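Peer 1: The following block contains the structure, expressed as structure tokens.
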Amino acid sequence: MSRQILLGDEAVALGAVHAGLSAGYSYPGTPASEIMEYLIHLAGENKAFKATWSVNEKVAYEEALGVSFAGKRALVSFKHVGLNVAADPFMNSAITGANGGLLVVSADDPGMHSSQNEQDSRYYVQFAQIFGYEPSDQQEAYEMTREAFDLSERFGLPVLMRLVTRLSHSRSPVETRDARPQNELKKGAAKDWILLPVNARRRFGLLLDRQAEMVRFSDESRFNVLKLNEGDRSFGVIASGVAYNYFREAEAGEASLPSFLKVSTYPLPEGLIRRLVGHVDTVLVVEDGYPFIERQLKGLFGIAGKTVLGKLSGTLPASGELSPDIVRRALGRGPLPALEASGLPLAARPPQLCVGCPHADTFKALNKALEGTSGSNVFSDIGCYTLGALPPYNAIHSCVCMGASIGMARGAADVGIRPAVSVIGDSTFAHSGITPLLGAAHADSDMTVIILDNATTAMTGGQPTYGSGERLLRLIEGLGVAKEHIRTIEPLPKHHDKNVQVIKDEIGHRGLSVIVAVRECVQEQRKRRS
Ligand code: SF4
């Protein structure tokens, strides 16, 4: 047993290693990146287990599923929107089942600190009908991770853990225990893993049969805590995950706590919820994310004679992160005393490209080349270059999800938008830009794709990229793009005029062209040289 100060993400990584992890896979994305960063650190020089960045989340999931098939324990982690990318193997793995323990960690971002939406991964737990954990602190993240692998093997199913930014990126002491050895190789029964309808129907039946056992396990879980206040039957609270801490902080210093249920596992602990709801007249549901528990409590007609308060009732805000003060207001209390900081002269620091960033030179050249055209047709992707939306560049006009820029540019070109330009980074291109470019090359769509090759996954901290340099150029040609319309530029101020001309030439071409802007991210360059 030892005690360490860990990020929530690190507690998950360490818990997995101590649970006998054989392999972990991930694609970078805030707030989940530190799980893999720490796994790589823990794997160390002697590579005690496999820990690697994958090309995208779907691939990461499939790699982890292969490990599970082989009877070993696997972790796959990503940010919440990454689960959308991995949704196909994720949903189907609930049917194949897991052989070696398989833990999926999806880190949500309530408040959209660094994300395009604040979707709630608990819906995926319900959608796949598997078991889910939602830790409230770092110690629980560690403990639940250890337990999740055992549970995955007990149910023969993948298990999902939902994190949120506030937990992933904060530190607290964690008591750790001895590591368990890795599993021996023991392959899964092939007939379970071949999802022909005849097998899939049988497997789906087994999944449904396990639902009652999962609810029972949830009801008996040590992570769910019910406390009834025998002196007050008027009001109770259901609080889940990190929001449980907000509730406890909001109640700090009060003479007595209302009845409450801390929910940390899914499917919901129905028996515990019945006991709380039976004890009080009004229930306030405090949960970060969507009104997942509140909606299930209310159902279509509500609970007879009971009042349920939460996000749906407007008692708590429907969007953004919760906080102790927000929860205090919902409990009818004023804010806790806080330090007055308004006198400090803090400068506003909006996000911006680094000084000397190659993307800045590409956007300047692109803007110049597009002068005099109809404009507003630059479809962007997700990366540092999304900041090209802001002044002084104002260079891009969409950013939806990983890889969307190429498909969207093609769709716009198909209905007559001209010029149609896509801007995508090298890592995002490898993640999900290859298949839409294959389609655009097949159709010789009238559009220009600009791939910003800075040789890294810069936005999330400089993780490796799978398609850069010569390899990227060969890949583009292999997808069927005409060699004479694959151009490279070096985005530097001294090449501005030349780069503008290349972009103008390729936009003028009636068909598909790809321009690769090749210059290393200056932050990575600094790291390499230091
Ligand atoms: S990290 Fe690299 S790619 Fe991102 S803004 Fe800075 S220099 Fe540009």
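Numbering (my numbering), first residue to last: 1027 to 1556.
Note that the Cβ used here is the ideal one computed from N, Cα and C, for glycine as well.
Because the structure is a prediction, the values reported are computed rather than measured.
1. Less than 7 angstroms between the CB of Val1542 and some heavy atom of ligand 1, yes or no?
2. What ranges does the alpha helix (DSSP H) occupy inside the segment 1108-1138, keeping only unbroken runs of at least 4 residues that lie completely in it?
3. For Thr1122, which residues from the same chain have a beta carbon less than 7 angstroms from its beta carbon, with the 5 sequence-adjacent residues on both sides left out?
4. With a CB to CB cut of under 6 angstroms and the five nearest residues on each side skipped, what residues in its chain are close to Gly1459?
5. Taking only heavy atoms of ligand 1 into account, decide whether any of them is closer than 7 angstroms to the Cβ of Asn1143.
6. I'd like to check one pair, Gly1050 with Asn1209: are the Cβ atoms closer than 8 angstroms?
7. For ligand 3, is there any heavy atom lying closer than 7 angstroms to the beta carbon of Asn1209?
8. List the endpoints of the continuous beta strand (DSSP E) containing Glu1201.
9. Tell me Gly1262's beta-bridge partners as DSSP assigns them.
10. Consider the C-beta atom of Ala1058 and the heavy atoms of ligand 1; say whether any pair is separated by less than 7 angstroms.
11. What is the rounded straight-line gap between the Cα of Val1102 and the Cα of Glu1313?
12. Using the C-alpha atoms, what's the distance from Val1263 back to Val1447?
13. For His1139, which residues of its own chain have a beta-carbon under 7 angstroms away from its beta-carbon, when the five flanking residues on both sides are left out?
14. Determine which residues share a DSSP beta bridge with Tyr1292 and list them.
15. Mind reading off the beta-carbon distance from Asn1082 to Val1111? Whole number of angstroms is fine, and I expect it under 8 angstroms.
16. Between Gln1489 and ligand 1, is there a pair consisting of the residue's CB and a ligand heavy atom that are separated by less than 7 angstroms?
17. I need the boundaries of the beta strand (DSSP E) containing Arg1029, first residue and last residue.
18. Pro1295 to Asn1250, Cα distance in whole Å?
19. Below 7 angstroms CB to CB, which residues in the same chain sit around Glu1559 once its five sequence neighbours on both sides are set aside?
20. Using 8 angstroms as the Cβ pair cut-off and three pairs as the minimum, do the segment 1483-1491 and the segment 1437-1445 touch?
21. Under the assumption that Phe1181 contacts Phe1157 (Cβ atoms under 8 angstroms), give the Cβ distance between them as a whole number of angstroms.
22. Within the continuous alpha helix (DSSP H) that includes Arg1172, where are the two ends?
Peer 2: Taking the structure as given:
1. Residue numbering aside, residue 1542 sits at position 516 when the sequence shown is read from its first letter. No, ligand 1 has no heavy atom inside 7 angstroms of this Cβ.
2. 1113-1122
3. Residue 1122 sits at position 96 when you count from the first residue of the sequence shown. Cβ neighbours of Thr1122 beyond the five flanking positions: Asp1218, Trp1219, Leu1221 and Arg1229.
4. As a working mapping, residue 1459 is identified with position 433 in the sequence shown. These residues qualify, in order along the chain: Gly1429, Ile1432 and Ile1450.
5. Taking the sequence shown and counting its residues from 1, one reaches residue 1143 at position 117. Asn1143 Cβ: outside cutoff for every heavy atom of ligand 1.
6. Taking the sequence shown and counting its residues from 1, the one referred to as residue 1209 is at position 183. Taking the sequence shown and counting its residues from 1, the one referred to as residue 1050 is at position 24. It is not a contact, given that the beta carbons lie outside the stated cut-off.
7. Only ligand 1 can be found as ligands here, which leaves ligand 3 out of the picture.
8. Locating residue 1201 in the sequence shown gives position 175, where the first residue counts as 1. Counting along the chain, the beta strand (DSSP E) containing Glu1201 begins and ends at Arg1197 to Thr1202.
9. Within the sequence shown, residue 1262 is the residue found at index 236, counting from 1. For Gly1262, which the question treats as bridged, DSSP gives the partners Ser1285 and Val1309.
10. Locating residue 1058 in the sequence shown gives position 32, where the first residue counts as 1. Ala1058 Cβ: outside cutoff for every heavy atom of ligand 1.
11. In the sequence shown, residue 1102 corresponds to position 76, counting from 1. In the sequence shown, residue 1313 corresponds to position 287, counting from 1. The alpha-carbon atoms of Val1102 and Glu1313 are separated by roughly 25 angstroms.
12. Stepping through the sequence shown from its first residue, residue 1447 is reached at position 421. Stepping through the sequence shown from its first residue, residue 1263 is reached at position 237. Taking the straight line joining both Cα atoms gives about 52 angstroms.
13. Locating residue 1139 in the sequence shown gives position 113, counting from the first residue. Taken in chain order, the residues that qualify are Thr1191.
14. Along the sequence shown, read from residue 1 onward, the residue named residue 1292 stands at position 266. Paired residue(s): Gly1158.
15. Locating residue 1082 in the sequence shown gives position 56, where the first residue counts as 1. Locating residue 1111 in the sequence shown gives position 85, where the first residue counts as 1. About 6 angstroms separates the two Cβ atoms, so the contact holds.
16. To locate residue 1489, count along the sequence shown from 1; it is residue 463. Every heavy atom of ligand 1 is 7 angstroms or more from the Cβ of Gln1489, so no.
17. Within the sequence shown, residue 1029 is the residue found at index 3, counting from 1. That run of the beta strand (DSSP E) goes Ser1028 to Leu1033.
18. Here residue 1295 refers to the residue found at position 269 of the sequence shown. Here residue 1250 refers to the residue found at position 224 of the sequence shown. Roughly 8 angstroms between the two C-alpha positions.
19. This structure does not reach residue 1559, given that the chain is present from 1027 up to 1556, and the question cannot be answered.
20. no
21. Along the sequence shown, one-based indexing puts residue 1181 at 155. Along the sequence shown, one-based indexing puts residue 1157 at 131. The Cβ separation is near 6 angstroms, so the contact holds.
22. On the sequence shown, position 146 is the one that residue 1172 refers to. Gln1164 to Phe1181 is the span of the alpha helix (DSSP H), which, as asked, contains Arg1172.
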